[in-house]
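Chains as they are written, first to last, in my numbering: chain H, -15 to 597; chain Z, 29 to 258. Taking it in order: structure first as structure tokens, then the write-up.
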Amino acid sequence: MGRTVGIDLGTTYSLIAHMDPQTGAPKCIPGPYGSTLCPSIVSVADDGKILVGEPARERLLTQPDRTIYSVKRLMGRGVADIQDELTRFPFRIDETSSNVIRVRLGDKLFTPPEISAYILRELKTWAEKYFGDTVNRAVITVPAYFNDAQRQATKDAGRLAGLDVLRLVNEPTAAALAYGLHKQKRGHVAVYDFGGGTFDISILKLISTSEGDIYRVLSTNGDTHLGGDDIDNALMDVARREIRAQFAVELDRHGEAVQELRRVLIRAKHELSSSEKAVVKCRISSTQTYSREFTRAEFEDLIRPIVARTMAPVRLALADAKLAPKDMDEVVLVGGSTRIPLVRKTVGDYFQRAPHCELNPDEVVALGAAVQADILESGVKTMLLLDVTPLSLGIETMGGVVAKIIPRNSTIPASAQEMFTTGVENQTGIDVHVLQGERELAKDCRSLARFQLKVPPGPAGLARIEVKFLIDANGILQVAAKDLRSGGEHSIEVQPSYGLSDAEVEHMLEESIEFAEQDFADRQLIEARTEAEAILTATEKAFRDPRSAEISVAERRSIENSVASLRAAMAGKDYKLVRQRIDELNQATTNLAEILMNSALQTALEGKRLDDV
Amino acid sequence: MSVTKTQAQAIIGSICWSCKAPVDGAHFCASCGKVQPLPVGTDYFGFFGWPQKLTIDPALLEDQFHKLSWKLHPDNFVRASEEERNLSLDRSSQLNDAYRTLHDPISRIEYLLLRLGLRKEGTTKQQAPPELLEEVFELNESLDELREARAEGGDIDALRGRLVEEQSNFKEKLEGVDDELQAVAREWDAALDANANDAARDALLARMNEILNRRSYIRNLVGSVQKELE
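And the structure:
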């Protein structure tokens, strides 16, 4: 049957959580390094092996050209969208990329959903190890302000990781859910979510009904490219400028020194949340070391413009909810960047109340995802999330103007019907261009998809095709068309403007399943060999023990035969055969083990009176 | 036996698709509990089981919205059959569309006129009401002067002041138009209660349509001044 989990697929860190049946509370699952945070970093080893998390982070320094971080910034975007990012992030984008980005890691190309899928698969492994059971369904969180293509890319990543994505939940909404469980509050709540790469603000109304609690999002706003990364980049700009002035050195964007510099600056950023100053030291060559002290005041001056950028979306979200800052009953802080004192102060001053930050801002989103996963999985609904679509949906009309058909902040699922007809005689197709965004002109909005409605030739205006646009509970668009004259369904092929087509995802899925099977077999073989080594060592040790002389010659020969066949199996690649030979050797040595055990027991008891035992 | 389209449409909403018990347009079958497709032609008022009246208690609407959301939301159907999942998606999206439309008194009226064929989506007439022509002319002149002064770096404070004054004049007019619209809306509700004839109803609809056009014109005007002032 398998388990269901909640996953926060973050820019900097990703987490996996589940509803703990013992406590009835959500809980994050730790990985092999003891932390619940998995760095969202993927690296490809020379032999093609994929490393995720901590091991990949180490390679950021040693193998930067085979390692990628902050891939979330690339999800659902085209090459034209990320030109600005390329000046700040060491992404190696393949030249052939257009509306689907392909990242080069070593000698291989990967799409952002594939890279994200590796992160999801790693987390899945953490949970499977923790449960001793398979994990195959998940709720995955996305920034509230993600558009259709970014959401679709996240869903694709889930599928590629072998997960049935039950729902995409907006990060601030998930946080509100975890927070609400904790506080049981009613009223208006503002969730200010400032993470590694994205900023979201959501205004919620918490309602208590006779059936249960409803968490209704009234409005949301944000910036999908504003986060702690930008603070790191501001620090980097200062340091690089100073290094240039001091040593006349231009650091290579892809080099090791840059990664090291970024690391020490991030450490300083963290320190400045609790201390008044932080020292930065970074070796940039064998003879040159960049060293300087940052005071908190200096840091705050540097990041003030970035923090200020978060307030425009906050004002817009409140205006859309028709509420004022004073109407908020609670303000909740989510995301690692809300640890920065200036952020807390800015938010507190604006809302005129101390924001809540009792819950770990790194974990709260994953915890909320686990709560929603549990509701969907168990079918026992104790609360209901009503979320909204962050951006208006529109279609292009004459002159490149966008006609809005579903306004932003509409509760989802939401739909709109539009009638299409022909404008000239014998027209055989009607082009439809679907967009997302708030601007008047199509060229300023995000293109979601284009399709053509095919109609039989005839007089102008005779064809009557009704197209239904539906934004589902994941915030993803579905389109269906009906021919009103014949009453039949009208098939359409929607070509997404950005991201992978269904066929491409299918193809990757097939490849990844083969790959995953191979992966699984490799891992099993390694584990079986390790176990075999252990039992062989133990057997040798037993033979060296003088008491092993007690066994018969036949028995000794049988053990020796088993040892030989185990060694032969270990040289091969069949993990099942290795396991079988281990079992055989175990059988053959049962008697020997008993003899040794008994004599060991005797040795232990010798010299002791019976009373002591 | 083949069912004609009209027969099929008549069946939708009258008997349960699953157990064939009569459902009479309800959201759920009273007998087997399965979610039902929406009968063809149901409007947003009908979705809540209401007549096409324009006075709606916002608290009641919100309460109904929350109650029905609890029952119809796709969260309830994650483990259901594909057919039920799709029906829930349809019904809950219609619930949200209906709430969004009826929640706002203006979009509620626009929707009614749309349903009754008096308006077409996105075809609001943008004609200056004759009685406002003179003031509109003055306002546009002030706007031009401000733009000019801004381009040439002239003194804009005085011009801004004049524009703000003129804008507040139009804002007042907008409020007046809103009051006028609500008054006709109440007349419409009374006409429904009194079972008024088609001619009387059509006259009220035409009046609301005319006021909406005027309203839209003034609103755009106020909006464009706002943009210029910011």
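Using N, Cα and C, we set each Cβ at its ideal position, and we do this for glycine too. Being a predicted model, the structure only gives us computed values, none of them experimental.
- Within the segment 158 to 232 of chain H, complete alpha helix (DSSP H) segments of at least 4 residues are found at 212 to 231, given in chain order.
- Rounded to the nearest angstrom, the gap between the Cα atoms of I191 of chain H and I198 of chain H is 5 Å.
- Non-local beta-carbon contacts of S135 of chain Z in its own chain, meaning distances under 7 Å to residues more than five positions away in sequence, involve T129 in chain order.
- Taken in chain order, the complete beta strand (DSSP E) segments of 3 or more residues contained in the segment 234 to 270 of chain H are 261 to 267.
- Taking the Cα positions, S252 of chain Z is about 53 Å away from A58 of chain Z.
- Two segments are said to touch when three or more pairs of C-beta atoms, one from each, lie closer than 8 Å; by this definition the segment 56 to 68 of chain H does not touch the segment 26 to 36 of chain H.
- Membership of Y53 of chain H in any alpha helix (DSSP H) is not indicated; the residue belongs instead to the beta strand (DSSP E) covering 51 to 53.
- Here the alpha carbons of E173 of chain Z and F165 of chain Z stand approximately 12 Å from one another.
- At a C-beta separation below 8 Å, A398 of chain H has these neighbours in chain Z: S121, N124, D125, R128.
- Here H94 of chain Z carries a helix assignment [DSSP, helix/strand/coil].
- Listed along the chain, the chain Z residues whose CB falls inside 7 Å of the CB of G363 of chain H are R107.
- Taking a 10 Å sphere around the C-beta of D52 of chain Z, we find fewer than 16 other C-beta atoms and assign the residue as exposed.
- Nearest CB-CB separation between P65 of chain Z and chain H: not below the 8 Å threshold.
- Per DSSP, the beta bridge partners of L317 of chain H are H:Y176.
- Not flagged as an interface residue toward chain H: N225 of chain Z, since no C-beta distance is shorter than 8 Å.
- Under DSSP, L419 of chain H forms a beta bridge with H:G378, H:S431.
- Within the DSSP bridge table, the entry for C12 of chain H names H:A1 as partners.
- Measuring C-alpha to C-alpha distances from S54 of chain H to each of H:D177, H:H209, H:S82, H:N131 identifies H:H209 as the nearest.
- Under the three-state reduction of DSSP, K310 of chain H is assigned to helix.
- Secondary structure of M554 of chain H (DSSP, three-state): helix.
- Against chain H, a Cβ distance below 7 Å from N104 of chain Z picks out K365.
- In this structure the segment 402 to 412 of chain H does not touch the segment 233 to 247 of chain H; the number of beta carbon pairs closer than 8 Å is below three.
- In the three-state DSSP reduction, G77 of chain Z falls in the coil class, being neither helix nor strand.
- DSSP lists H:G378 as the beta-bridge partner residues of K388 of chain H.
- Per DSSP, reduced to three states, the secondary structure at Y139 of chain Z is helical.
- For M367 of chain H, the uninterrupted beta strand (DSSP E) run begins and ends at 367 to 370, by DSSP.
- Beyond the five residues adjoining it in sequence on each side, L249 of chain H comes within less than 7 Å, by CB distance, of D216, L219, M220, A223, V264 in the same chain, given in chain order.
- L(-7) of chain H has H:S(-2) as its beta-bridge partners, per DSSP.
- Exclusion of the five residues before and after D415 of chain H leaves Q436 as the residues of its chain whose Cβ lies within less than 6 Å of its Cβ.
- Take E534 of chain H, set aside five residues on each side of it, and the residues of its chain with a beta-carbon closer than 7 Å to its own are I579, in chain order.
- By the Cβ-count criterion, Y72 of chain Z is buried, with 16 or more other Cβ atoms from all chains shown falling within 10 Å of its own Cβ.
- In this structure, the straight-line span from the alpha carbon of Q411 of chain H to that of T381 of chain H is close to 17 Å.
- Residue-level contact check: L249 of chain Z does not touch chain H, since none of the beta carbons of chain H fall below 8 Å from its beta carbon.
- Secondary structure of R43 of chain H (DSSP, three-state): helix.
- A straight-line Cα-Cα distance of about 19 Å links L300 of chain H and R328 of chain H.
- The beta-carbon separation of S394 of chain H and T373 of chain H, rounded to 6 Å, stays under the 8 Å limit for a contact.
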